[in-house]
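Protein chains in written order, with the working numbering: chain A, 1 to 266; chain B, 267 to 532; chain C, 533 to 798; chain D, 799 to 1064.
What follows is the structure, given as structure tokens:
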């Protein structure tokens, strides 16, 4: 990753107010802002962390985007799962290299690229063709086209069933995950993990009820809060405002045969 | 991962109160608890999610431990970084397959196994030989001995310098990370990411001061709070108690040549 | 309040571990602990903040209990509303001297003594005679018998109706406050404030639905989190554990005639 | 409080977006907004909770402001202490009717009116004459001129000393409260309570160090977080954004004679 910037790569430009601009570098390209423009040539062949100056005098710091930065700047239609939740989802779903994961719906692909980068083989079910297409483009743009070998997106409705079997994980970002519980029972191997991201607690309660009536056990729900700090000399304090809510994360684990025998774990 | 349990594998047993027991399965082995014992033979060859019954009648649910579960149960001397922080660290440090990461100190290896599982090549600096040895054992136990090919632990003091160069990331869990800032400047390539985990805000302030005076930019500090929910029928509410603090996560990025030209990004 | 301790007063003894003991001082009395005993005579006639020594050598710091301290130590059967919520309730209910407040149920009187101390005239509805009696005793013990002149507790069911009219505030700590909404509409004057404390979000949703269908407007729900800090020399950090939940506070305001005309305030 | 609106009273007008306008009612007055105007005559003589219509058709709900609402809308120069902290301060400082409280600095009077309404006799030290004057006007506007009998503001620097003695409480909202600790030792009676509001943790650490070296004990620091909820039919979730920080509240209690004997309470 210490190689210089090349054509068709993504670069992230930061101005001094922390505004971020995602640029696809091209020979002969220009990045235009209110402060004039920057020739892509000023970036191509240079190392990460370089500073470039626009015609109007404004300076920009140029780096490769992290996954978190890319997710917030990539083309997207649907609401994405935010970076603050992506890391915890990796841990809750216990994603490992080679894990066979069903993801539905894929939306703009933020979660897909997180799962893929962690080494999973991902099958995505997505109802909307435009989302399916954009997710694949975003994955290829960030992870490279070779990641598509582990990423298959099908335009279909997960509420109607899951064809895969012996899956390791099922990860859901859709409004009615309780309609997927029965399908997931059949699609996961025993010990497999089910994770759902949901915006409202009303949905969570309905999902948990469905899980209680299923072969899943060890159900847990958590919300993740990130509190950032302002640290500048003697001024050390939490930032004045924060994101108070995005979604609730619910996980459960498929029990083996004869679940009626299993202890009800609390 | 749908294969049955085999000898020398780790199994996690849950009783109905949610207590967890980590067991290394062996032919002829027994798991003893206050409720009698379970023959390992009752688990070997069975699938995950199976329920076994101890001689005293207590039932246990048996699964393979997730990384989060393993970290909390594995042999450890030092305080480990908790699962709630491990996922966010993966995102902050933007760990990718093949990333060259320096980690110091390695402690019991919780962070090492998280980085390794995400595909990184990890060099660990650790002062204490007993920690270095245990970390490697824990990594091998959870990820398999083949993971050691990407994990080299050296018994040395990172405060005295870093030999590696062109690293992608430096991740620190030690008391005085400000003493590593200069070394990390030389060891990371431009655009490389520095992440430190620190228990007190006093340490964070001192680190941020050192970062301000360095070639690093885009410094940020965040704390991650996990709030779990109690959901049982109509009783839907946050749990009554939570972990309010473990540590603060600080990240920064190495700027390129001529940092005096870089915009001071806020 | 700078007067010395007198007989029949409450004193709070702190040991060096922060354990607290509430004692009613009497001539000839003794406070017994695992560390021996302290003669009340060692406290009577002494000023607040005095240190006394038990026969076994342990030392105790003696102060008059604050309302917060008293609430946590007074005789109580039901769950009390915690100090962290009492202050916010005073603000939400906008309690002022002379305010006519209906409180139901009164439980052990923690909220009653908070309202009374803020100057309100309180009518309490409480189903259980033992609670009604204890609440009055606790109020008299903390605020003095003269406070009972502004505190009338009736053994009755607020779900069946409210006799009072032109009340300033209605404050509820009971399981089904939606059953009180219609009664409160008739009992409060326009502009009057309704506040309910509820443990679960399920209850809150049901209450908010009832408020939406009522003459109340400006409904809001908030939860209050207190995060304490450990500060000792260089060790400055949040405490490791905290109370994550007690209850949700919901408030609303009675609109005037012709509410169908009122703007739906968000 | 069920009386109709009268001249020279404050009224709070809410539009349907929740925007709030504080108006001092006068015979012949008009409230002007982008939506036309409302004659004060449409409000005078009407009960709280009435709805009035501006010439442009917009409707406003009219109530008397609560203390919380008044504080956010009253004329103010300095940063005020927010309502979320005012209730907790009342509990931490354990304010009771007749309590003799020193407050410094008074700023715009938000805390003063909270202390006064809870029944305290308040002496305010304030360096800036314009603040002192505005605080008194705000107090009179919200609590009535009779409250001024219990409110004396002196234009002086509390860092230079406190003349009062045998005070019950000292409540501080100023940048260097550690410079007041020695003065407060002499001004409070034993058992008296010291409370300081501070924006940064750096200041808190310095204050706690001063308290550790003083005759105060039982020092505690807390921050108060309010999380509001969005509740509308099935959409039940925390609001997406929240105030993450205003200030830290630190309290301590003056120990009696011979503090070297007191147990160090944790």
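By construction, the Cβ of each residue, glycine as well, lies at the ideal position given by its N, Cα and C atoms. Remember, it's a predicted structure, so these values are computed and weren't measured experimentally.
query                                                                                                                                                                     : result
Nearest to residue 979/D by alpha carbon, out of 1037/D, 842/D, 948/D, 1012/D?                                                                                            : 1012/D
Rounded C-beta distance between residue 627/C and residue 643/C? I'm assuming under 8 Å.                                                                                  : Contact flag wrong, Cβ pair sits at about 10 Å.
Any chance you could list the beta strand (DSSP E) runs of at least 3 consecutive residues sitting entirely within the stretch 174-259 of chain A, in chain order?        : 188-198, 216-232, 235-238, 241-243, 248-254
For residue 562/C and residue 87/A, I'd like the C-alpha separation in whole angstroms.                                                                                   : 58 Å
Do residue 1022/D and residue 882/D have their C-beta atoms closer together than 8 Å?                                                                                     : yes
Is any heavy atom in the ligand FAD found nearer than 7 Å to the beta carbon of residue 60/A?                                                                             : In the structure on display, the ligand FAD does not appear, and there are no ligands present to speak of.
Can you find a CB in chain B that lies within less than 8 Å of the CB of residue 612/C?                                                                                   : no
Counting only runs that start and end within the stretch 582-623 of chain C, where is the alpha helix (DSSP H) found for 4 or more residues in a row?                     : 599-605
Anyone know if the C-beta pair for residue 858/D and residue 864/D falls short of 8 Å?                                                                                    : no
Residue 808/D to residue 940/D, Cα distance in whole Å?                                                                                                                   : 8 Å
Would a check of beta-carbon distances place residue 147/A closer than 8 Å to chain D?                                                                                    : no
Which one of 854/D, 870/D, 855/D has the shortest CA to CA distance from residue 810/D?                                                                                   : 870/D
Taking only beta-carbon atoms, is residue 153/A less than 8 Å away from chain B?                                                                                          : no
Show which residues of chain B have a CB atom less than 7 Å away from the CB atom of residue 759/C.                                                                       : 510
Along the stretch 643-655 of chain C, what residues have a CB closer than 7 Å to any CB found in chain D?                                                                 : 649, 650, 651
Is it right to say residue 197/A is buried, meaning 16 or more other beta carbons lie within 10 angstroms of its own, or is it exposed?                                   : buried
Checking 8 Å against the spacing of the C-beta atoms, do residue 254/A and residue 89/A come in under that value?                                                         : no
On the DSSP bridge assignment, give the partners of residue 12/A in chain order.                                                                                          : 22/A, 63/A
I want to see whether chain D comes within less than 8 Å of residue 4/A, judged by CB atoms only; does it?                                                                : no
Taking C-beta pairs closer than 9 Å, name the residues in chain C that residue 866/D reaches, listed in chain order.                                                      : 623, 624, 626
Taking only the alpha-carbon atoms, compute the straight-line gap between residue 773/C and residue 697/C and give it to the nearest angstrom.                            : 45 Å
Going by DSSP in three states, residue 638/C sits in which element: helix, strand or coil?                                                                                : coil
Answer yes or no: does any C-beta atom of chain A fall closer than 8 Å to that of residue 290/B?                                                                          : no
Which whole-angstrom value describes the C-beta separation of residue 993/D and residue 956/D, a residue pair presumed to lie in contact below a C-beta threshold of 8 Å? : Their Cβ separation, rounded to whole angstroms, is 14 Å, which puts residue 993/D and residue 956/D out of contact at 8 Å.
Using a Cβ-Cβ distance under 8 Å, would residue 208/A count as near chain B?                                                                                              : yes
Could you say which of 577/C, 594/C, 573/C, 666/C lies nearest to residue 610/C if we only look at CA atoms?                                                              : 666/C
Just curious, the alpha helix (DSSP H) that residue 666/C is in, first and last residue?                                                                                  : 661-675
Quick one: give me the first and last residue of the beta strand (DSSP E) that residue 159/A is part of.                                                                  : Looking at the DSSP string, residue 159/A is not in any beta strand (DSSP E), and its letter there is neither H nor E.
How many Å lie between residue 285/B and residue 219/A at the Cα?                                                                                                         : 15 Å
Which partner residues of residue 390/B appear in the DSSP bridge assignment?                                                                                             : 369/B, 419/B
Please classify residue 163/A as buried or exposed, where buried requires at least 16 neighbouring CB atoms within 10 angstroms.                                          : exposed
Compare the C-beta of residue 853/D with all C-beta atoms of chain C and state if any pair is closer than 8 Å.                                                            : no
Here's the rule I'm using: 16 or more other beta-carbon atoms within 10 Å means buried, otherwise exposed. How should residue 684/C be labelled?                          : exposed
If we call anything under 8 Å between Cβ atoms a contact, is residue 98/A one with residue 126/A?                                                                         : no
Beta-carbon within less than 7 Å of residue 207/A's beta-carbon, same chain only, minus the 5 sequence neighbours each way: which residues are those?                     : 177, 178, 196, 198, 250
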